[in-house]
Structure formats: structure tokens, C-alpha cells
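Student: The structure under discussion is supplied below as C-alpha cells; questions concerning it will follow.
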Amino acid sequence: MNPPPMRQPQFVQLHREDRAAVHAELVAGLLAPQASLAPKYLYDPLGSRLFDAITALPEYYPTRTEAALLVAHGGAIAARLPQGATLVDLGAGNCEKAARLFNLLQPVRYVAVDISVDFLRTALQCLQRQFPALDMLGVGLDFSSELTLPPEAGTGPRLLFYPGSSIGNFTPRQALGFLRQVRAATQGGGLLIGVDLVKPLDILEPAYDDALGVTAAFNKNLLLHVNGLLGSDFRVQDWQHVAFFNQAHSRIEMHLQALHDLVVRWPGAERRFKAGERIHTENSYKYQASDFEALLREAGFSQTQAWTDERGWFAVFWAQA
Ligand code: AVI
């Protein structure tokens, strides 16, 4: 018998970069009394590679802890989840994490979502060769602002997959709004999500300030990305990476701190920084498992279940819509 014909992945680009909006957002952040730059600008091509390197660092426990949880509890997780649903991978990147679930979950369709379909093209084409019968769709969408999937994503129940504790990069209020949109997008399915938990400082802080300086490079590269977008003249050597756990907000904060008095100029404006002044670049919230469960309930999910590692460092939640 001949093997089934190989399908071709489909692609839909919904997000269009609005250069004027990017410019306005960067300028507003730089001119605010407490300067800030949105964490999405950490991920230009070099930043994405540096983030991949971070996930391999000995200090950065979330990626490997989550992967181990999904292996250790794969059977129990699969038993809880709907089989034959559409698997929607939010922030899919190289699609590796979701692909590990295909055999376990037997989805009818795989929908990979990332800001640009260009990031997804090669990964989906490779995956299609390994899973020739699986329907695959790549969607270019900035789902952090609005999560509306195209009709090509199908009408049946959806299993949304949001790994890596990326939910921690939203404030809890934003996370609630996002989870409500996720629940609406599941079409009666549910959400499988990885969440980083509160833990001792001597584990948390080195994960965001590693000995090799990869996270520092990741943070400082933001300045080079902003120079390209805005025409600014940031010099990486004028800035120091700072990361610490803010107990009151239960979040790691990343900042860039001016090493001396300096001026940053770009067409039309400038900003003076005093030595020690900071630009806030990222928050990474750490949850108590019970608080995150309450957030899922508040977002309208009916039943939840969590799997955690024996140290209680990370949790994978299943939330039924
Ligand atoms: C993508 N996100 C979940 C990472 C985190 O841990 O908050 C981003 C990161 N920032 C510094 N290291 C990793």
C-alpha cells in the first residue's frame, strides 16, 4: 500500500507591523519618568538565539523542569485532556515543545501561533515530514494584544498550549485578561499551561543573572534592537544588567542601569540618564500554585488540575473551559 500523501502546512499572517506605533511606544517608554522598554523588544533574531541559550544554562531551571514534568506526568496529562482536539501552540517558535506532545495527544490539527509566520515556516515544514498526515497551520499573530484565531483553525474543541511560564511576563491583571481570551478561544476544550512558582531567592535570582552573563547579553541586546528600530545611539558598554526578586510584587525585575551620566539621542528627541538610573525591561511573575488556580477560576475555567515537581519549583496546569 502507498503511504498517505504528505500534506503541506498552511500559513496565515494576521499581524502587520505598524512602524509608527512601534516608534511611539518606544519613545513613550524612554521619556517616562521611570524609563521602560517593553520585553517583546528583547526578541530580535539575536535576542531569540540568546534566549535559547538561556534555556540551556545551569541556573535557568524553568525550561528543563517543565520538560521533565511533561515527561513524568505525560500519561496522566493525556488521560485528562481531550483526544482528537486541535492543538494550538501559543508562541510556538521552533515548535519543539508541542511536537513532543503529538504522540501523546493525537491532535487532529496542529496550529502554531507566533508573531511572524516566517519564524514558523521552516519548523512546520520539517514537522510535516515527520507527521505527514497531520493538518498543520502556521498563524502570524500578536496574541498578547488580541487572541482571535482565523477560521482555518477549525470549529472543534481546541487545546491551547502555553508553556515556558510566558504568562509570568504579563502583570496578573493582564494575565487575567489574556486567560479570559484563551478560554473563549478553546471552543469548549481547555488550556495546558506552564507556570513558574515562588521559590528561594538563591535559586530565583541566579536564573536571571547567570555566571556566564548570557542573560545580561540578552538584556543589553535590547538596546541594539532599539537602535535599529528608533535610530537611537545607545552604547551597550554604558549599561549594566540588573535583575532581582521584588517580594512585594512576587516578580523578578530586569533593568538596564546607566554606568555613568549619559545622553541617548534619536531623531527628534533625547533622554538624559544619571549614573545609576534604570530602564525597566522585563517582569517575570512567580506564582503560588493556589493563586494561579484562583486566577484560572476567575478567568472562567471550570476544572483545573496541576502537576508539580518534587521541589515545587514549577507547575503545569490543565484548565477545562
Ligand atoms: C520568556 N519568559 C518566560 C522568560 C522568563 O523567564 O520570564 C524570559 C526571560 N528573561 C530572562 N530570562 C528569561
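Using my numbering, you'd call the opening residue of the sequence shown number 1195 and step up by one each time. Note that beta-carbon positions come from the ideal geometry of N, C-alpha and C, so glycine has one too.
Give every residue of the same chain whose Cβ lies closer than 8 angstroms to the Cβ of A1262, excluding the five residues on either side of it in the sequence, and list them in chain order.
Tutor: Once the five neighbours on either side are set aside, the close Cβ partners of A1262 are D1503.
Student: Can you determine whether any heavy atom of the ligand AVI sits closer than 8 angstroms to the C-beta of T1409, and answer yes or no?
Tutor: Yes, since a heavy atom of the ligand AVI falls inside the 8 angstroms radius drawn around the Cβ of T1409.
Student: Applying the criterion that 16 or more other CB atoms from any shown protein chain within 10 Å of the CB defines a buried residue, is P1203 buried or exposed?
Tutor: Its Cβ being crowded by 16 or more others within 10 Å, P1203 is buried.
Student: May I ask you to list the residues that DSSP assigns as paired with N1440?
Tutor: Bridge partners of N1440: R1445.
Student: Buried or exposed for D1212, going by 16 or more other Cβ atoms inside 10 Å?
Tutor: Flag for D1212 reads exposed.
Student: Kindly indicate which residue of P1252, L1416 and P1197 has the alpha-carbon position closest to the one of R1323.
Tutor: Minimum Cα distance to R1323 is reached at P1197.
Student: Answer yes or no: the CB of F1511 versus the heavy atoms of the ligand AVI, is any distance below 8 angstroms?
Tutor: It does not: the Cβ of F1511 is nowhere closer than 8 angstroms to a heavy atom of the ligand AVI.
Student: So for N1413, helix, strand or coil by DSSP?
Tutor: DSSP places N1413 in helix when its eight states are reduced to three.
Student: Given that a residue counts as buried once 16 or more other Cβ atoms are within 10 Å of its Cβ, and exposed if not, what is A1436?
Tutor: Rather than Ala, the amino acid found at residue 1436 in this sequence is Val. Burial call: buried.
Student: Can you tell me which of P1394, L1298 and R1315 puts its alpha carbon nearest to the alpha carbon of Q1207?
Tutor: Considering only alpha carbons, the answer is R1315.
Student: Looking only at its chain, what residues have a beta carbon closer than 7 angstroms to the beta carbon of F1325, apart from the 5 residues adjacent to it on each side?
Tutor: Around F1325: F1296.
Student: Tell me the rounded alpha-carbon separation between L1244 and K1480.
Tutor: Rounded to the nearest angstrom, the two C-alpha atoms are 22 angstroms apart.
Student: Under the criterion of a Cβ to heavy atom distance below 8 angstroms, does D1308 qualify as lining the ligand AVI?
Tutor: For the ligand AVI, not one heavy atom lies less than 8 angstroms from the Cβ of D1308.
Student: Which partner residues does D1238 have in the DSSP bridge list?
Tutor: D1238 pairs with nothing; no bridge assigned.
Student: Compute the minimum distance between the beta carbon of I1446 and the heavy atoms of the ligand AVI, and state whether it is under 8 angstroms.
Tutor: For the ligand AVI, at least one heavy atom lies less than 8 angstroms from the Cβ of I1446.
Student: Within 10 angstroms of the Cβ of P1461, are there 16 or more other Cβ atoms? Answer buried if so, exposed if not.
Tutor: That one is exposed.
Student: Leaving aside the five residues before and after T1257 along the sequence, list all residues of the same chain whose C-beta is less than 6 angstroms from its C-beta, in chain order.
Tutor: Here the set comprises T1249.
Student: Quick one, which of A1327, V1307 and L1353 has its alpha-carbon nearest E1340's?
Tutor: Checked all of A1327, V1307 and L1353; the closest Cα to E1340 is V1307.
Student: Is D1336 close to the ligand AVI? I mean its beta-carbon at under 8 angstroms from any heavy atom of the ligand.
Tutor: Every heavy atom of the ligand AVI is 8 angstroms or more from the Cβ of D1336, so no.
Student: Hey, could you find the ends of the beta strand (DSSP E) H1474 is sitting in?
Tutor: R1472 to Y1479 is the extent of the beta strand (DSSP E) around H1474.
Student: CB of E1476 to nearest heavy atom of the ligand AVI: below 8 angstroms?
Tutor: Indeed, a heavy atom of the ligand AVI lies less than 8 angstroms from the Cβ.
Student: The alpha helix (DSSP H) spanning T1317 covers which residue range?
Tutor: The amino acid at residue 1317 is misidentified as Thr; the sequence shows Ala. Its alpha helix (DSSP H) spans residues V1311 to Q1324.
Student: Could you check if N1413 is buried or exposed, using at least 16 other CB atoms within 10 Å of its CB as the buried criterion?
Tutor: N1413 comes out buried.
Student: Report the three-state DSSP secondary structure of Q1300 (helix, strand or coil).
Tutor: Correct three-state label for Q1300: coil.
Student: Starting from the C-beta of S1201, find all residues in its chain whose C-beta is less than 8 angstroms away, skip the five residues before and the five after it, and write them out in chain order.
Tutor: Here residue 1201 turns out to be Arg, not Ser, going by the sequence shown. Counting only Cβ-Cβ distances below 8 angstroms, and skipping sequence neighbours, we find Q1322, P1326, A1327, L1328, D1329 and M1330.
Student: Should A1405 be listed as close to the ligand AVI, given that the test is whether its C-beta is under 8 angstroms from any heavy atom?
Tutor: No, Cβ of A1405 sits at least 8 angstroms from all heavy atoms of the ligand AVI.
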